[in-house]
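Positions -31 to -1, 1 to 497 (mature numbering (1 follows the signal peptide of the UniProt record, and there is no 0)) are the ones given, in order, by the sequence shown. Yeah, the Cβ is synthetic: ideal placement off N, Cα and C, and Gly gets one too. Just so you know, these numbers come straight off a predicted model, no measurement behind them. Some notes on the structure that comes next.
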Amino acid sequence: MTNGMPRRGILKTGSVLGLGASVAAVTPAHALAPTSQRAKKGKYFWLNGDHHVHTLFSNDGKYRVQDHVRQAIRYGVDWLVLTDHGNVAHSQLSTEQIVPLIEEVRKEFGDSILIYHGLEWNIPGAEHATVFVAPGRDDVAVMKEVEARWDARVKGTRDGTAANEALALEGIRFMGEARARKRVEDILMIPNHPSRQGIDSPHEIRAWIQAAPDVVIGMEGAPGHQAGGLPAPHVGSRARGLYDGGPGTFAFNGYPTEAYRTWGGFDWMTATVGGVWDSLLAEGRLFSVTATSDSHNVYLDTTTRGPGSDFDAKGRTEDPVYSGAVDLTENDFWPGYYSRTHVGAEKVSHASVMQGLREGRVWVDHGCLIDAIDVSVADQAKSATLGGKLATRRGRKVTLTVSVTPASQPNFAGFVPELARVDVILGKVTGPVADADTMTAPDTRVITQMPIKDLTLRNGTYTWTQELETPFDNFYVRLRGTDGKKSQPGFLGADIDPAGPAIDEIGNADPWEDLWFYTNPVFVEVSK
């Protein structure tokens, strides 16, 4: 270790990350195979992506469209959403400039990467969200209308008032109607870094889902800016995800102070067993979690923002220029370098990836902790996988089968991660809540902690099967795994979660020394 980072990580990434170096001249550790060679497991291609990436068409961004696309391909990304910040200059000047550039890179790279036009929408009365569309006839017009009519920075509606919350629902309903009326082939909204400022209340999240359940399909379970917690002399004073604040004027009063920190790099809503995410799942609603880079300015890069940048006047900053020095102060990684969202898609297409997200075939990891995971819940007659539902009868044997493919090559910090344990989390489905600000699911808990050392590697995977007793008429199962380097009893108590992720310390949280993966749930419906 050197100054809180793996020595090989600094040497490896510091020598190639800068845009002053030729991307084409570097052989990536995880080169993306041609589309025809992508592995299809069963019905699905498992495609790695990132729905939260900023270019120089963000007021705080730095990189060109082609810079992010080339780096994403280099780090094994199959699908990428460009999500520049909504604001007045962006709404008036930026969209017309970026659209032809997106078309250029789509033509240049073809099916080697699926590129989406998106927006980081400032939700009226709340935080940010990724909004993105499948390419089509009216896609850009719909995105422009969302920003012009409902972006909180464009309209001055950021404060958490009831009137602004109503405007957010109006905008989301518009998205749902655009999809239903076929103005766009598809559109999704995913709230980003939901606990960072404490202004996304549980009742708002539930209202967003109800306004357009086919559009609001999940949340950013692990924020970007994962280099932010590195100890000095690296970043030094920030936190993973830049979660280093506290409650402000419009924060939801029910959130504890611990909610404003990440836990093992994940948002408190996701990381807390029996917490906010589980309270949504316990209603029987599928709600996905994702992991993104939120890439603006990359740690260890060797470029600076171009001189003379005037975003308000031009709707963009100037092209980055080579600085001659490695930057140790930035908070971000390139897409695919650290955070990955894996989606089970029936085809390698924009529409299929979005449908896979909607149907919940999703698992996420940090630092390339594992290569793959397969989850099945089955009775004697049928089975279901991530995002799905198994309908069974009382008295039938229900089994969970988990197959994990461990990391087979070094990650982008230069070491091969070692999975230590997989946890099985089971929760009762109780139906809609009476109080929309409910933020706990008391019947959810960790039921199994499976040490990898107790399993045998066969054909490249660790596999085990366990019978699930059916203590409830309806329940769900989700999984979590860790490298085992940092843990503590869960926020809601050791009886619920004996060894969950640890709360991340500001200014002293090396992301490479604390790796986790999470899967979406599988639901089970038990009838008499």
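How would you label residue i, buried or exposed, when you count the other beta carbons within 10 angstroms and need 16 or more for buried?
i	result
Tyr431	buried
Glu328	buried
Gly459	buried
Pro274	In the sequence as displayed, the identity of residue 274 is Arg instead of Pro. It is buried - the Cβ of Arg274 has at least 16 other Cβ atoms within 10 Å.
Glu77	exposed
Val204	buried
Thr130	exposed
Asp279	exposed
Lys124	buried
Thr365	The sequence as given places Arg at residue 365; Thr does not occur at that position. Exposed is the call here.
Thr259	buried
Gln40	buried
Leu255	buried
Lys31	buried
Asn428	exposed
Thr231	buried
Glu65	exposed
Gln324	buried
Pro225	exposed
Gly94	buried
Ala353	buried
residue 549	No information on residue 549 is available, as it lies outside the stretch -31 to 497 that the chain covers here.
Gly357	buried
Arg33	buried
What distance in whole Å lies between the Cβ atoms of residue j and residue i, which are believed to be in contact at a cut-off of 8 Å?
i	j	result
Phe26	Asp47	Not really, about 23 Å apart at Cβ, beyond 8 Å.
His311	Asp236	About 18 Å; that fails the 8 Å criterion.
Asp242	Leu461	It should be pointed out that residue 242 corresponds to Val in this sequence rather than to Asp. Yes, they are in contact, since the Cβ atoms of Val242 and Leu461 sit about 7 Å apart, within 8 Å.
Pro379	Gly336	The pair is not a contact, with the Cβ atoms about 11 Å apart (cut-off 8 Å).
Gly198	Pro470	Rounded, the Cβ-Cβ distance is 13 Å, inconsistent with contact.
Leu49	Gly18	6 Å
Thr99	Glu114	Not quite, the Cβ-Cβ distance comes to about 17 Å (not below 8 Å), so this is no contact.
Phe14	Val317	6 Å
Leu369	Gln435	5 Å
residue 556	Ser248	Outside the displayed range of the chain (-31 to 497) lies residue 556, so it cannot be described from this structure.
Looking at residue j and residue i, is the spacing between their C-beta atoms short of 8 Å?
i	j	result
Thr451	Leu355	no
Gly305	Arg330	no
Tyr44	Leu250	no
Ser292	Thr261	no
Thr417	Val393	yes
Gly233	Asp483	yes
Pro202	Leu269	no
Ile42	Ile82	yes
Gly252	Pro160	The question names Gly, yet the displayed sequence has Glu at residue 252. Going by C-beta atoms, Glu252 is not nearer than 8 Å to Pro160.
Ser308	Gly193	yes
His21	Asp263	yes
Val245	Pro182	no
Lys12	Glu315	yes
Asp29	His265	yes
Arg447	Met419	no
Ala376	Asp340	yes
Residue i to residue j, Cα distance in whole Å?
i	j	result
Val415	Val333	19 Å
Ala240	Val111	34 Å
Gly87	Val295	30 Å
Asp120	Pro440	45 Å
Ile141	Ala135	10 Å
Gly145	Arg362	35 Å
Asp404	Ala137	20 Å
Glu189	Ala228	15 Å
His319	Asp464	43 Å
Arg152	Arg106	8 Å
Val344	Ile421	16 Å
Glu287	Thr425	54 Å
Gly(-12)	Arg209	Since pLDDT at Gly(-12) reaches only 29, below the 50 mark, its modelled position is unreliable, and the value read off the structure follows with that caveat. Looking at the two C-alpha atoms, the distance is approximately 27 Å.
Asp108	Val185	17 Å
Ser321	Glu299	34 Å
Ala(-8)	Trp303	With a pLDDT of 28 at Ala(-8), under the threshold of 50, the modelled position of that residue is not reliable, and the figure given next carries that caveat. Each residue's Cα considered, the two are about 16 Å apart.
Met158	Asp348	34 Å
Asp155	Glu116	17 Å
Ile92	Arg75	29 Å
Ile84	Leu16	13 Å
Ile(-22)	Arg175	Interpretation of Ile(-22) is limited by its pLDDT of 30, a score under 50 that renders its predicted location unreliable; the figure taken from the coordinates is listed afterwards. Cα to Cα, the separation comes out at about 43 Å.
Asp442	Val367	13 Å
Ala478	Met238	19 Å
Phe486	Arg148	32 Å
Phe492	Ser63	43 Å
Gly476	Gly396	34 Å
Ala350	Ile71	47 Å
Thr413	Ser496	20 Å
Trp177	Pro401	15 Å
- Query: Counting pairs of beta carbons, one from the region 162 to 180 and one from the region 212 to 228, are three or more of them closer than 8 Å?
  - Reply: yes
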